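Student:
There are 2 protein chains.
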Amino acid sequence: MTSNSDNLLRLFNTRDGDDMLERADLKKRYEKEEYDQLKDELTAKLVKLQQDCIREKFPVIITVDGWSASGKGTSISKLVKDLDPRSFMVHSINAPTEDELRYPLMKRYWERVGQYGTFTIFGKSWYHEALQIITNAFADARDSQAAHPVLRKHGDYVITGNEELSSLYAESAHMFERQLIDDGYLLVKCFFHISKKEQLRRLEALHAEKSTAWRVTKADFQQNRNYDLFVGAVDQLLELTNTADAPWNIIAAENRRVRRIEFLKVLVKEIESGLERHCKRKGNPLSIPADFPLPRSRHRLVEMPKVEDARHDLTIDLDEYRTKLKAEQDRLAELQGELYRRSIPMMLVYEGWDAAGKGGNIKRVASALDARDYRVVPSAAPTKVEKEHPFLWRYWVNLPKTGHIAIYDRSWYGRVMVERVEGFCTDDDWRRAFEEINDFEWEMYRTGTILLKFWIDVSQDEQLARFEARKNDPDKAWKLTDEDWRNRDKYPQYCQAINDMLCMTSTDFAPWHIVESDDKRYARIKALEIINAAIKKRLEIE
Amino acid sequence: MTSNSDNLLRLFNTRDGDDMLERADLKKRYEKEEYDQLKDELTAKLVKLQQDCIREKFPVIITVDGWSASGKGTSISKLVKDLDPRSFMVHSINAPTEDELRYPLMKRYWERVGQYGTFTIFGKSWYHEALQIITNAFADARDSQAAHPVLRKHGDYVITGNEELSSLYAESAHMFERQLIDDGYLLVKCFFHISKKEQLRRLEALHAEKSTAWRVTKADFQQNRNYDLFVGAVDQLLELTNTADAPWNIIAAENRRVRRIEFLKVLVKEIESGLERHCKRKGNPLSIPADFPLPRSRHRLVEMPKVEDARHDLTIDLDEYRTKLKAEQDRLAELQGELYRRSIPMMLVYEGWDAAGKGGNIKRVASALDARDYRVVPSAAPTKVEKEHPFLWRYWVNLPKTGHIAIYDRSWYGRVMVERVEGFCTDDDWRRAFEEINDFEWEMYRTGTILLKFWIDVSQDEQLARFEARKNDPDKAWKLTDEDWRNRDKYPQYCQAINDMLCMTSTDFAPWHIVESDDKRYARIKALEIINAAIKKRLEIE
Numbered sequence: 021m022t023s024n025s026d027n028l029l030r031l032f033n034t035r036d037g038d039d040m041l042e043r044a045d046l047k048k049r050y051e052k053e054e055y056d057q058l059k060d061e062l063t064a065k066l067v068k069l070q071q072d073c074i075r076e077k078f079p080v081i082i083t084v085d086g087w088s089a090s091g092k093g094t095s096i097s098k099l100v101k102d103l104d105p106r107s108f109m110v111h112s113i114n115a116p117t118e119d120e121l122r123y124p125l126m127k128r129y130w131e132r133v134g135q136y137g138t139f140t141i142f143g144k145s146w147y148h149e150a151l152q153i154i155t156n157a158f159a160d161a162r163d164s165q166a167a168h169p170v171l172r173k174h175g176d177y178v179i180t181g182n183e184e185l186s187s188l189y190a191e192s193a194h195m196f197e198r199q200l201i202d203d204g205y206l207l208v209k210c211f212f213h214i215s216k217k218e219q220l221r222r223l224e225a226l227h228a229e230k231s232t233a234w235r236v237t238k239a240d241f242q243q244n245r246n247y248d249l250f251v252g253a254v255d256q257l258l259e260l261t262n263t264a265d266a267p268w269n270i271i272a273a274e275n276r277r278v279r280r281i282e283f284l285k286v287l288v289k290e291i292e293s294g295l296e297r298h299c300k301r302k303g304n305p306l307s308i309p310a311d312f313p314l315p316r317s318r319h320r321l322v323e324m325p326k327v328e329d330a331r332h333d334l335t336i337d338l339d340e341y342r343t344k345l346k347a348e349q350d351r352l353a354e355l356q357g358e359l360y361r362r363s364i365p366m367m368l369v370y371e372g373w374d375a376a377g378k379g380g381n382i383k384r385v386a387s388a389l390d391a392r393d394y395r396v397v398p399s400a401a402p403t404k405v406e407k408e409h410p411f412l413w414r415y416w417v418n419l420p421k422t423g424h425i426a427i428y429d430r431s432w433y434g435r436v437m438v439e440r441v442e443g444f445c446t447d448d449d450w451r452r453a454f455e456e457i458n459d460f461e462w463e464m465y466r467t468g469t470i471l472l473k474f475w476i477d478v479s480q481d482e483q484l485a486r487f488e489a490r491k492n493d494p495d496k497a498w499k500l501t502d503e504d505w506r507n508r509d510k511y512p513q514y515c516q517a518i519n520d521m522l523c524m525t526s527t528d529f530a531p532w533h534i535v536e537s538d539d540k541r542y543a544r545i546k547a548l549e550i551i552n553a554a555i556k557k558r559l560e561i562e
Numbered sequence: 021m022t023s024n025s026d027n028l029l030r031l032f033n034t035r036d037g038d039d040m041l042e043r044a045d046l047k048k049r050y051e052k053e054e055y056d057q058l059k060d061e062l063t064a065k066l067v068k069l070q071q072d073c074i075r076e077k078f079p080v081i082i083t084v085d086g087w088s089a090s091g092k093g094t095s096i097s098k099l100v101k102d103l104d105p106r107s108f109m110v111h112s113i114n115a116p117t118e119d120e121l122r123y124p125l126m127k128r129y130w131e132r133v134g135q136y137g138t139f140t141i142f143g144k145s146w147y148h149e150a151l152q153i154i155t156n157a158f159a160d161a162r163d164s165q166a167a168h169p170v171l172r173k174h175g176d177y178v179i180t181g182n183e184e185l186s187s188l189y190a191e192s193a194h195m196f197e198r199q200l201i202d203d204g205y206l207l208v209k210c211f212f213h214i215s216k217k218e219q220l221r222r223l224e225a226l227h228a229e230k231s232t233a234w235r236v237t238k239a240d241f242q243q244n245r246n247y248d249l250f251v252g253a254v255d256q257l258l259e260l261t262n263t264a265d266a267p268w269n270i271i272a273a274e275n276r277r278v279r280r281i282e283f284l285k286v287l288v289k290e291i292e293s294g295l296e297r298h299c300k301r302k303g304n305p306l307s308i309p310a311d312f313p314l315p316r317s318r319h320r321l322v323e324m325p326k327v328e329d330a331r332h333d334l335t336i337d338l339d340e341y342r343t344k345l346k347a348e349q350d351r352l353a354e355l356q357g358e359l360y361r362r363s364i365p366m367m368l369v370y371e372g373w374d375a376a377g378k379g380g381n382i383k384r385v386a387s388a389l390d391a392r393d394y395r396v397v398p399s400a401a402p403t404k405v406e407k408e409h410p411f412l413w414r415y416w417v418n419l420p421k422t423g424h425i426a427i428y429d430r431s432w433y434g435r436v437m438v439e440r441v442e443g444f445c446t447d448d449d450w451r452r453a454f455e456e457i458n459d460f461e462w463e464m465y466r467t468g469t470i471l472l473k474f475w476i477d478v479s480q481d482e483q484l485a486r487f488e489a490r491k492n493d494p495d496k497a498w499k500l501t502d503e504d505w506r507n508r509d510k511y512p513q514y515c516q517a518i519n520d521m522l523c524m525t526s527t528d529f530a531p532w533h534i535v536e537s538d539d540k541r542y543a544r545i546k547a548l549e550i551i552n553a554a555i556k557k558r559l560e561i562e
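Those protein sequences? They're chains H and X, same order as listed. Each residue of the first sequence is one higher than the one before, starting from 21 at the first, in the numbering used here. Each residue of the second sequence is one higher than the one before, starting from 21 at the first, in the numbering used here.
1) Where does X/I545 land, buried or exposed, given buried means 16+ other C-beta within 10 angstroms?
2) Taking Cβ positions only, does X/V405 come closer than 8 Å to chain H?
3) Are H/T525 and H/I427 closer than 8 Å when you measure CB to CB?
4) Note down, in chain order, each residue of its chain lying with its Cβ closer than 6 Å to the Cβ of H/R122, except the 5 sequence neighbours on either side.
5) With 16 other CB atoms within 10 Å as the buried threshold, where does H/V67 fall?
6) Measure from the C-beta of X/P79 to each C-beta in chain C and report whether the shortest distance is under 8 Å.
7) Please report the Cβ distance between X/V396 and X/A388, rounded to the nearest whole angstrom; I am assuming they are in contact, meaning their Cβ atoms lie under 8 Å.
8) Along the segment 100-128 of chain H, where does the CB come closer than 7 Å to a CB of chain X? Name the residues.
9) Any beta carbon of chain H sitting closer than 8 Å to that of X/E354?
10) In or out: H/E371 buried (at least 16 other Cβ within 10 Å) or exposed?
11) What residues are listed by DSSP as bridge partners for X/N269?
12) Got a sec: which bits of the segment 384-395 of chain H sit with their beta carbon under 7 Å from any beta carbon on chain X, in order along the chain?
13) Would you list, in chain order, the members of the segment 419-438 of chain H that have their beta-carbon closer than 9 Å to a beta-carbon of chain X?
14) Are the beta-carbon atoms belonging to X/I336 and X/Y205 less than 8 Å from one another?
15) Taking Cβ-Cβ distances shorter than 7 Å, what residues in chain X pair up with H/R361?
16) Taking only beta-carbon atoms, is X/S537 less than 8 Å away from chain H?
17) I'd like the list of long-range same chain contacts for X/Q165, defined as Cβ closer than 6 Å, with 5 residues on each side in sequence excluded.
18) Quick check on the burial criterion: 16 or more other C-beta atoms within 10 angstroms. Buried or exposed for H/R30?
19) Grab the span of the beta strand (DSSP E) containing H/T140 for me, first residue to last.
20) Opposite H/I472 in the DSSP bridges: which residues?
21) Three or more C-beta pairs under 8 Å: does that hold for the segment 524-539 of chain H against the segment 396-409 of chain H?
22) Which whole-angstrom value describes the C-beta separation of X/G93 and H/D390, a residue pair presumed to lie in contact below a C-beta threshold of 8 Å?
23) With DSSP as the reference, please indicate the residues paired to H/S112 in a beta bridge.
24) For H/I364, count neighbouring Cβ atoms within 10 angstroms of its own Cβ and tell me buried if that reaches 16, exposed if not.
25) Looking at the unbroken beta strand (DSSP E) that takes in H/P512, where does it start and where does it end?
26) Looking at the C-beta of X/H168, does it have a partner C-beta in chain H at a distance below 8 Å?
27) CB X/K47 to CB X/I281, shorter than 8 Å?
28) Mind listing the chain X neighbours of H/I271? Cutoff is C-beta to C-beta under 7 Å, in chain order.
29) How far does the beta strand (DSSP E) with H/V396 in it extend, from its first residue to its last?
30) Identify the contact partners of H/P398 in chain X, using a Cβ-Cβ distance below 8 Å as the criterion.
31) Quick one: Cα of H/N381 to Cα of X/D85, how far?
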């Protein structure tokens, strides 16, 4: 056994008595008559439940994982044929494509998450990669370099070995499930179990038939040969990821009828009770006292000053500005080439007071970059589709790929600022968001992204002066809206929200940078210096 | 010269006296002062024009093509740094990715077309592939098999040689431009021209610098060595695609200042006059007399009966139905495996009267298929984003990839039925749509897709009976809306629209199939038989 498989074993080999897979009764059978009756009853229930889910906007995610040839595909096909096609989507998860490899692993799952009220069905689950690693490592123990391509390609410097790799998958998957559940999604995780003997019988039957032979690969037979080894590892993985809110359902897939009935039973039971909880929650939203303490973060936080204490006297001399701007922009242009060449993605987050100078600051950064490799992502009001998803979803689908830069002109922090202050989300939503954001940023950080966050600050006096100037300049009047004035009236509420944000989301891997912008030129140079220093530091580590 | 390049030469080598590229004055220079003044003036104009375009919802597409090292990227970067980042998008077009190769060539351009009111900037154009073929064929004339991978991969049986290949690109690109222009887009096509000597100088300079060396490839130097050969071919391509509505602008890119000024001048001039035309058109929409003849199709049309003449007496015996359903579904399941194996995509279009039985018919087809390889695409009311695009855009982004099946429950034909009858689009819109649809389907057909279109028919009497039955069945009442009754009142208008549709879009490569569905069972068997026969025929050809 190589050290590679050893690491995996250490994570997966502590079997205990109560095996998950043994919960499936592979010997169970149904008589035709009983089967037909159950099947029709359960299907009718499910069809009705789907309409209820549409009406109540209750989203369901179903994953169908399991052994090769356990009938995952057939089961999904039979399942959906009675469903309303306008509100389910089937996604077949295979090895990541060339394009998927250029993003953090979980993007391909996040972007496929369906809207409220729909069923999203994943053929294979987000544990696919983890199972794949186990399979590869065991099946081909001679090759001690057999790491999954995702991490070799994504240019990650945090991940060094397979132990971290496995824990990455476990943590990413856990965060994915946690956030969906908190947002109101129901997760139904199914694992289709068959015996070694039955698997071999099916693989051979598929292999013997000319029209199906191409569906069976060498890896399938390998899995069968090493079945006894895998069974422990799979069992352990299932146990590790068998949470109270998203437990595994082990489906006895040995027999066609039993498999169908058990799958339907699980779905009807889980969706029925999930929908009931959903409706109760909707009719009875959580009320949180204003002085209730904010949740503790599991990440290490960096201490931040209060936003009211930011300095307003920092300036730069015009000549010095010109010289430094040119030097820093040239430097950034050069460093961007290196980022591109080394396939490192970068995310720059800009938040700040209205008229603080975000736009001009972004422009000075962007104008140093090659337009083909960066994108400014503005956060306009969410669209209907975006509103019917977790709030981070719209950012998951807008990540920079390896070697590219995304500049966010306002961002996911809207949740804990404008949405909080204006009451666009519930108290529970924005309180939960701090840690959801930290987890999201942690995922970016450790999959190799350089992530920098700027708070562009300006004093109340200077802001007022800029508002007045805009009002009187016909070319700039469009930049000033009634909303800007209203926000200004809510200064104390915004201060509270911003201070909570700075305090709760300044993690050691992604702290906030306060950029004092009463003198916009000073702010531009400061942001550019921070960006260049961060890239330089990262390039030195690699 | 191989036969491969011969074909290309035949298409591209008839140079005449008035060379496109010679329009660029490579000797022109600007003094610093004049340059600065022009640059500032033009930039200010462009910034203002962009805001006008946003306000007037006028969409602009800018392509920047040209020689390697002609400064395409730098020019785009400089251009966008002054633009409002919320309403432009830069797309860098490179060799198609693994995923893009699984769709018709033009999808990757169509899906990137921006919303009304935005600037879409393509680094390299939709002629990229055509230029690539020329470059490859000339540069590597020894390899007579050097066809572009798109067509080898997309499993196309219509395309056999490079001549068709080139004409495919020309035709596809032409259709793309035509449809965008008709929809109100402005196309600004730019080609950056530099001399052989200057290109070599720049390539060598890039190559010599450590931080930029990786940007220069062997192909770039090859292009330079064969510059004299290419210049004729490129010139011919530009001439062929230099249409009145979307002419090429040749930018003298030999000198940095001249390049910038000429590029800005072209943009300001084209956008200014385009916007003026746009506003005039909006204030003065075309009015077409009802009896004005429909446009002639350039495709060969098949004669179709009137929809009122469809038979309503066709039925099938229940026993025969059961036997045939099982046999046809089994056959389809088997054939789908072959489609998947041979990477052939299929599109099934379902249109029909309300309550004609589309849903049930689709279900009988879908239930024979592997759910991981097909998708039912319903045509709900278009979203805001979809409304701000050409009407076919939402279908371009929802095509099946190779080996997959898309079933459209209502489709792009909504344009010439409900949108026409209800007045959701202008007369000009729906009249133009017949040929736009034919061109779209032709593109699907000749890039290898099996495309079948079903009109699911039902008599007025039977429709009424079904409406009444639905009204009285609590489980099915949700299927019946007020709209259904209203549509029924407009029977004569719909008959007219449907007959025009059948007559105008029954091309020889994608004719309509009338599926008589007074007996739904009869209709299901008929549709299945047509699908199976079509797949079988296609598989035999390959």
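C-beta atoms are modelled at their ideal positions from N, C-alpha and C, and glycine is treated no differently. Since we're looking at a predicted model, the values are computed, not measured.
Tutor: Let's see:
1) One-based indexing of the second sequence puts residue 545 of chain X at position 525. By the 10 Å Cβ count, X/I545 comes out buried.
2) The residue given as residue 405 of chain X occupies position 385 in the second sequence. With 8 Å as the cut-off, X/V405 counts as an interface residue toward chain H.
3) Residue 525 of chain H sits at position 505 when you count from the first residue of the first sequence. Residue 427 of chain H sits at position 407 when you count from the first residue of the first sequence. No.
4) Reading the first sequence from its first residue, position 102 is the one you call residue 122 of chain H. These residues qualify, in order along the chain: K421 and T422.
5) Position 47 of the first sequence, counted from the first residue, corresponds to residue 67 of chain H. Burial call: exposed.
6) Note that chain C does not occur in the displayed structure, where the protein chains are H and X.
7) Numbered from its first residue, the second sequence carries residue 396 of chain X at position 376. Numbered from its first residue, the second sequence carries residue 388 of chain X at position 368. About 13 Å separates the two Cβ atoms, so there is no contact after all.
8) V100, K101, P105, R106, V110, S112, T117, E118 and D119
9) Translated into the one-based positions of the second sequence, residue 354 of chain X becomes position 334. True, the Cβ-Cβ gap to chain H drops below 8 Å.
10) Numbered from its first residue, the first sequence carries residue 371 of chain H at position 351. Classification for H/E371: buried.
11) Start at 1 with the first residue of the second sequence, and residue 269 of chain X comes out as number 249. In DSSP, X/N269 forms a bridge with X/C210.
12) A386, S387, L389, D390, A391 and R392
13) I427 and D429
14) As a position in the second sequence, residue 336 of chain X is number 316, starting the count at 1. As a position in the second sequence, residue 205 of chain X is number 185, starting the count at 1. No, Cβ-Cβ distance for X/I336 and X/Y205 is not below 8 Å.
15) Within the first sequence, residue 361 of chain H is the residue found at index 341, counting from 1. Residues of chain X passing the Cβ test: W234.
16) Start at 1 with the first residue of the second sequence, and residue 537 of chain X comes out as number 517. So, not an interface residue.
17) If you number the second sequence from 1, residue 165 of chain X lands on position 145. Because X/Q165 sits at a pLDDT of 39, beneath the cut-off of 50, its placement in the model cannot be relied upon, and the following sentence gives the value as read from the coordinates. Nothing listed; no residue qualifies.
18) Position 10 of the first sequence, counted from the first residue, corresponds to residue 30 of chain H. Confidence is the limiting factor: at H/R30 the pLDDT is only 45, short of 50, which leaves the residue's position unreliable and the question unanswerable from this model.
19) Along the first sequence, one-based indexing puts residue 140 of chain H at 120. H/T140 -> beta strand (DSSP E) spans F139 to G143.
20) Along the first sequence, read from residue 1 onward, the residue named residue 472 of chain H stands at position 452. Looking at the sequence provided, one finds Leu at residue 472 of chain H rather than Ile. The partner list for H/L472 (beta bridge, DSSP) reads H/L368.
21) no
22) As a working mapping, residue 93 of chain X is identified with position 73 in the second sequence. As a working mapping, residue 390 of chain H is identified with position 370 in the first sequence. Indeed they touch by this definition, with Cβ atoms about 5 Å apart.
23) Residue numbering aside, residue 112 of chain H sits at position 92 when the first sequence is read from its first letter. The partner list for H/S112 (beta bridge, DSSP) reads H/G143.
24) Residue mapping note: residue 364 of chain H aligns to position 344 of the first sequence, counting from 1. Buried: at least 16 other Cβ atoms inside 10 Å.
25) Against the first sequence, residue 512 of chain H aligns to sequence position 492. Here H/P512 belongs to no beta strand (DSSP E); instead the alpha helix (DSSP H) covers Y511 to T525.
26) Translated into positions along the second sequence, residue 168 of chain X becomes position 148. Caution is warranted here: a pLDDT of 32 is assigned to X/H168, below 50, making its placement in the model unreliable, and no coordinate value can be reported.
27) Reading the second sequence from its first residue, position 27 is the one you call residue 47 of chain X. Reading the second sequence from its first residue, position 261 is the one you call residue 281 of chain X. Taking 8 Å as the Cβ cut-off, X/K47 and X/I281 do not qualify as a contacting pair.
28) Here the question's residue 271 of chain H lines up with position 251 in the first sequence. Neighbours of H/I271 on chain X: none; closest Cβ ~17 Å, over 7 Å.
29) As a working mapping, residue 396 of chain H is identified with position 376 in the first sequence. That run of the beta strand (DSSP E) goes Y394 to P398.
30) What you label residue 398 of chain H is simply residue 378 of the first sequence in a count that begins at 1. Neighbours of H/P398 on chain X, chain order: P105 and R106.
31) Within the first sequence, numbered from 1, the residue matching residue 381 of chain H stands at position 361. Within the second sequence, numbered from 1, the residue matching residue 85 of chain X stands at position 65. Rounded to the nearest angstrom, the two C-alpha atoms are 30 Å apart.
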